[in-house]
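> What follows is a single structure, and I will ask about it in a moment.
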Amino acid sequence: MPIALTRRGFLGFSAGAALVLGGCGGAESPGEAGEPQRGGRLRALFTGGGTRETLDPHAQNLFIDQARHKAIFDKLTELGDDLAPVPRLAERWESTADATVWRFTLRQAIFHDGQPLTGDDVLFSLARILDPAAGDRLARQSLSAIDIGRCRVVDPRTVEIALSTPSAELPALLATTGAAIVRNGYADPANPVGTGPFRFVSFEPGRALVARRFDEHWEGPALLDELHILSADADARANALQGGQAEYAHEMSPTFARTAEAGRTVKIVAAPGCTTQAFVLKTDRPPFDNPDVSLAFKLLADRQRLVDVVLGGRGVPGNDLFGKGYRYYNSTLPQRPRDVAEARSLLTKAGVLNQPVQFFTSTVSAGFVDAATLFAEQAGEAGMRVEVVTGAAETYFKDQLTTGVLGSHRAGAAPIPDYINSRLLSTSPFNATAWKRPEFDAAFATAQSTVDEAERTRLYHALQRDLHDRGGLLAWGHPDWITAVAANVHGVRPVPPNTVDWARFDKVWLG
Amino acid sequence: MRGYVAQRLGLALVQLMVLSVLVFALTALLPGDAADVRFDESASPEQVANLRAELGLDRPAVERFFDWAGGVLTGDLGHSLVNGQPVTEIIGGSVGATLVLAVATLAVVVPLAALLGALAGVYEGGRLDRSITSITLVLTAIPDFVLALLLISVLSLQLGWLPATWVGATGEDLLTSPELLVLPVLVLFLRTVCTLSRQVRAGTITSLHAGYVVQARRLGVPRKSLLLRHVLPNAAVPGVQELARVGDNLLGGVLVVEAIFAIPGFATALIDGVEARDVPVVQGLTLVLAVAALLVNLAADLVCNRLVPRTEVLR
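Okay, structure coming up:
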């Protein structure tokens with residue numbers, strides 16, 4: 001599954017802020033804001049993507065596009081705060097015992113053109129996503145197990161989805177980016193008709209979407225009259241929010257949060273430690289094909305210091321795993337400490353102590369180069385020579401697959417099985433740690449098709465233990481996800497990106 | 001004169017061809033292509049390869065270049081590799097904001113620079129000259145992004161007098177809220193007024209000391225008519241030539257200003273095009289820019305010739 005991130009600056013943080021700022025603040029307690037009020041216009045700012053922005057909800061994974069699609073369309077499911085699936089257009093679901101056929105009951109919902117949602121719309125949407133002739137369907141990979149020929153509409157409000165390989169994760173996969181339900185026959189992205197809380201008014205790529213409240217939304221009408229979703233880079237977002245030209249700004253830097261918290265005009269809404277910053281060690285080539293060396297590197301990182309310096313203290317140290325706080329996360333594993341002496345002895349034993357290691361990084365995401373440089377210093381304390389090399393930002397994640405043995409990595413919020421699927425299997429297209437173990441692949445397939453939840457969780461935990469011990473992921477920190485809103489904006493919850501309450505403007509109201 | 005213009009236009013055509021080849025080659029040298037950049041980390045290699053084939057990026061670069069060049073000769077600038085929009089539409093959609101900025105800036109810069117330069121030149125060495133010269137020097141030394149951020153933080157965020165960005169503004173907003181223009185134009189003005197007024201000052205001083213002016217003064221030509229009829233036209237020559245350069249300089253400033261104020265103009269489109277490896281868009285935009293620069297320079301030379309019809313001006 002694509003782990004949705006913007007290319008231009010994943011997090012706009014800057015280095016040098018070594019202040020430790022505890023807590024995240026900003027989340028308002030119920031009652032503080034008074035009674036929700038109807039009306040008004042909200043202008044929300046997201047990192048823009050220029051001409052790459054699109055209204056086709058199956059084609060683009062920029063955050064700004066996702067936010068726009070979310071206003072206009074709904075999915076069958078979304079992800080909750082812990083990344084477990086929650087019902088949306090699908091009211092409930094059940095599967096056969098082997099998790100190969102799923103039956104979804106649809107909610108009573110209507111499209112902006114007045115037509116009711118039916119199973120045909122769902123099957124049309126899935127077929128459009130899986131269309132082998134279209135080059136730009138994002139969710140095709142994650143939903144590839146769906147056997148569209150065998151899916152069928154049982155009655156207008158019941159759909160049966162058949163899989164070619166069993167998966168207990170189908171409800172979560174249907175929440176993936178690019179899996180919106182469109183109207184049967186949808187062909188003109190410039191004229192989007194969805195079931196979402198806002199109806200389309202106008203759109204200019206790289207600039208603005210204007211949408212108005214859809215009064216017949218199945219969840220009840222939104223509070224806002226009008227929603228504008230606007231493109232702006234980090235500085236422009238900060239200036240426009242503080243200058244009163246917008247009420248909501250997504251993806252703000254810790255530096256901005258610190259200055260903003262000193263004033264009264266802006267509130268910070270931070271989801272604590274919900275994304276991941278990591279280094280990737282290539283486990284298939286020297287020196288990291290030796291698990292001792294990988295372990296030594298994990299022991300070399302001073303995680304708290306990385307969090308303090310690179311994240312400006314807005315985050316928590318990582319434990320070499322993706323997905324802290326998400327469903328299936330193995331929190332029973334002990335936190336990896338820093339142990340320079342032990343690292344040194346492992347490196348000596350492996351005979352690599354004085355060999356230089358190249359750290360291939362890039363400016364593609366704020367903090368990458370800072371973290372690499374700081375880690376090189378920390379490794380130097382054990383006598384390890386790490387040389388930082390900077391590559392092109394536009395193609396870094398592709399180049400990383402073939403270049404260097406040590407690199408930078410970050411990931412947004414996605415269910416842990418999706419992360420494993422896209423990063424850690426022999427077949428994963430973006431397997432940056434080159435973690436290719438047939439036995440791991442097999443164990444994952446078993447876990448994924450296990451219907452019993454407790455057993456499935458146990459199997460996922462075992463996979464994570466293996467990764468923690470021998471894998472190539474050095475996850476050093478989990479940054480907070482920072483959004484800033486004007487003082488009169490209420491109803492914005494601190495949640496990880498890609499979850500149901502993220503960029504959810506139908507619950508927002510102006511005081 | 002006509003021969004000169006024809007000769008210059010012929011030269012311009014050669015320059016445009018060389019530029020097109022250069023821009024194409026440089027874009028080709030950038031790592032990755034439009035297919036690579038489009039998907040971030042979300043696509044499999046097969047998906048990227050399919051898209052590359054769909055966009056025709058798997059064909060040899062030379063072939064693609066001649067395809068594009070052939071299109072240009074028939075007036076077709078091609079389509080964006082990102083969203084298939086015609087390049088002419090992208091140019092049309094972005095040129096407005098930039099043109100408004102440039103025209104508004106020039107409308108302020110030209111009279112003010114001429115006035116300041118002439119005053120400083122006429123009162124060479126005096127208190128007025130010293131203050132004008134030192135203020136313009138100081139302003140030249142401040143990078144424009146620093147200036148922009150300072151102005152935003154004081155005039156917009158502290159005092160709340162002016163909007164800080166163009167976020168969400170449309171063309172119509174621009175007509176009804178001209179205050180959007182004030183800060184960007186101020187930054188561009190401060191960037192260009194200094195060099196221009198210094199050229200006018202230098203030109204004024206040179207003419208004041210020229211033999212024909214000294215002679216005219218000896219003959220008792222009144223000071224006012226001396227300045228207006230003999231000094232200023234000559235003094236304007238370096239100014240007008242500098243103005244052509246100011247045009248180029250303005251472009252650099254527009255890049256910075258558009259980025260800081262989130263203005264959806266030419267520079268923003270160009271940056272987006274380069275980032276997305278959208279070669280037809282980059283080619284189209286640079287072509288338009290180059291034509292504009294060549295025409296401005298030619299116009300400047302023709303104006304100089306008009307002001308002071310001496311043959312060497314045309315060299």
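As they're listed, the protein sequences go chains A and B.
The first sequence begins at 1 in full-length UniProt numbering and counts up one residue at a time.
The second sequence begins at 1 in full-length UniProt numbering and counts up one residue at a time.
Every residue gets a Cβ at the ideal spot worked out from N, C-alpha and C, and that includes glycine.
1) Along the chain, where does the beta strand (DSSP E) containing A:I268 start, and where does it finish?
2) Taking a cut of 8 Å between CB atoms, which residues from the region 13-37 of chain B lie near chain A?
3) Can A:W502 and A:L223 be called in contact, C-beta distance under 8 Å?
4) Would you call B:S134 buried or exposed, if buried means 16 or more other Cβ atoms sit within 10 Å of its Cβ?
5) What are the uninterrupted segments assigned as beta strand (DSSP E) that are 3 or more residues long and contained completely in the region 481-510 of chain A, given in chain order?
6) Between A:K282 and chain D, is any beta-carbon pair separated by less than 8 Å?
7) Applying a beta-carbon distance threshold of less than 8 Å, which residues of chain B neighbour A:E394?
8) Does the count of Cβ pairs from the region 136-147 of chain A and the region 170-179 of chain A closer than 8 Å reach three?
9) Out of A:A260, A:L230, A:G196, which one is the CA nearest neighbour of A:F203?
10) Are A:I420 and A:F444 touching if we call contact CB-CB under 8 Å?
11) Can you pull the DSSP bridge partners for A:A90?
12) For a contact meaning CB atoms closer than 7 Å, what does A:L230 contact in chain B?
13) Please list, in chain order, the chain B residues whose beta carbon lies closer than 8 Å to that of residue 516 of chain A.
14) Does the beta carbon of B:L208 sit closer than 8 Å to a beta carbon anywhere in chain A?
15) Where do the ends of the beta strand (DSSP E) carrying B:D33 lie?
16) With a cut-off of 8 Å, does the C-beta of A:N498 fall near any C-beta of chain B?
17) Could you tell me which of B:A169, B:P178, B:G168, B:L106 sits nearest to B:L161, measuring between CA atoms?
18) Report the CB separation of A:R303 from A:G471 in whole angstroms; it is logged as a contact under 8 Å.
19) Give the single residue among B:A202, B:R52, B:L287, B:N249 whose Cα lies nearest to the Cα of A:A134.
20) Whose Cβ in chain A lies nearer than 9 Å to the Cβ of B:Q283?
21) Using 8 Å as the limit for Cβ to Cβ distance, is A:T403 near chain B?
22) Please report the distance separating the alpha-carbon of A:T363 from that of A:G273.
23) Excluding the 5 residues preceding and the 5 following residue 532 of chain A in the sequence, name in chain order all residues of the same chain whose CB lies nearer than 7 Å to its CB.
24) Tell me where the beta strand (DSSP E) around A:L209 begins and ends.
25) Any beta carbon of chain A sitting closer than 8 Å to that of B:R2?
26) Going by C-alpha to C-alpha distance, which of A:S164, A:F360, A:T395, A:P497 sits closest to A:V386?
27) Flag A:T54 as yes if its beta-carbon sits less than 8 Å from any beta-carbon of chain B, otherwise no.
28) To which residues of the same chain is B:A104 closer than 7 Å at the C-beta, ignoring the five residues directly before and after it?
29) By DSSP, does A:G318 sit in helix, in strand, or in coil?
30) Count the other CB atoms within 10 Å of the CB of A:P254; is the residue buried (16 or more) or exposed (fewer)?
31) Here's the rule: buried if 16 or more other CB atoms are within 10 angstroms of the residue's CB, otherwise exposed. What is B:L159?
32) Are any of the Cβ atoms in chain A nearer than 8 Å to that of B:V187?
33) A:R107: which of A:S294, A:L126, A:P87, A:T499 sits nearest, CA to CA?
34) Could you tell me the distance, in whole angstroms, from the CA atom of B:V109 to the CA atom of B:G168?
35) Using the Cβ count rule (16 or more neighbours within 10 Å means buried), how would you classify A:E247?
36) Does any residue of chain B bring its CB to less than 8 Å from the CB of A:T51?
The answer reads as follows:
1) It spans 266-271 - the beta strand (DSSP E) in which A:I268 sits, taken as one unbroken run.
2) Identification of residues in the region 13-37 of chain B having a C-beta nearer than 8 Å to some C-beta of chain A yields L30, P31, G32, D36, V37, given in sequence order.
3) No, these two residues do not count as a Cβ contact at 8 Å.
4) It is exposed - the Cβ of B:S134 has fewer than 16 other Cβ atoms within 10 Å.
5) 481-486
6) The chain labelled as chain D is not found among the protein chains of the depicted structure, namely A and B.
7) L30, P31, G32, D36, V37, E275, R277
8) yes
9) Measuring from the Cα of A:F203, the nearest candidate turns out to be A:L230.
10) yes
11) A:L106
12) In chain order: V167, G168.
13) Limits of chain A in this structure are 1 at one end and 511 at the other, which puts residue 516 of chain A out of reach.
14) Taking a beta-carbon distance threshold of 8 Å, B:L208 does not count as an interface residue toward chain A.
15) Run containing B:D33: none; DSSP gives neither H nor E here.
16) no
17) The sequence given here has Trp at residue 161 of chain B, not Leu. Out of B:A169, B:P178, B:G168, B:L106, B:P178 has the C-alpha closest to the C-alpha of B:W161.
18) Actually they are not in contact, since the Cβ atoms of A:R303 and A:G471 sit about 16 Å apart, beyond 8 Å.
19) B:R52
20) Neighbours of B:Q283 on chain A: none; closest Cβ ~15 Å, over 9 Å.
21) no
22) 22 Å
23) No answer is possible for residue 532 of chain A: the residues shown for chain A start at 1 and end at 511.
24) 208-213
25) no
26) A:F360
27) yes
28) Around B:A104: L181, V185.
29) In the three-state reduction of the DSSP assignment, A:G318 falls in the coil class, being assigned neither a helical nor a strand state.
30) buried
31) By the 10 Å Cβ count, B:L159 comes out exposed.
32) no
33) Across the set A:S294, A:L126, A:P87, A:T499, the C-alpha of A:P87 shows the shortest separation from the C-alpha of A:R107.
34) 28 Å
35) The residue in question, A:E247, is buried, as its Cβ has 16 or more Cβ neighbours within 10 Å.
36) At least one beta carbon of chain B lies nearer than 8 Å to the beta carbon of A:T51.
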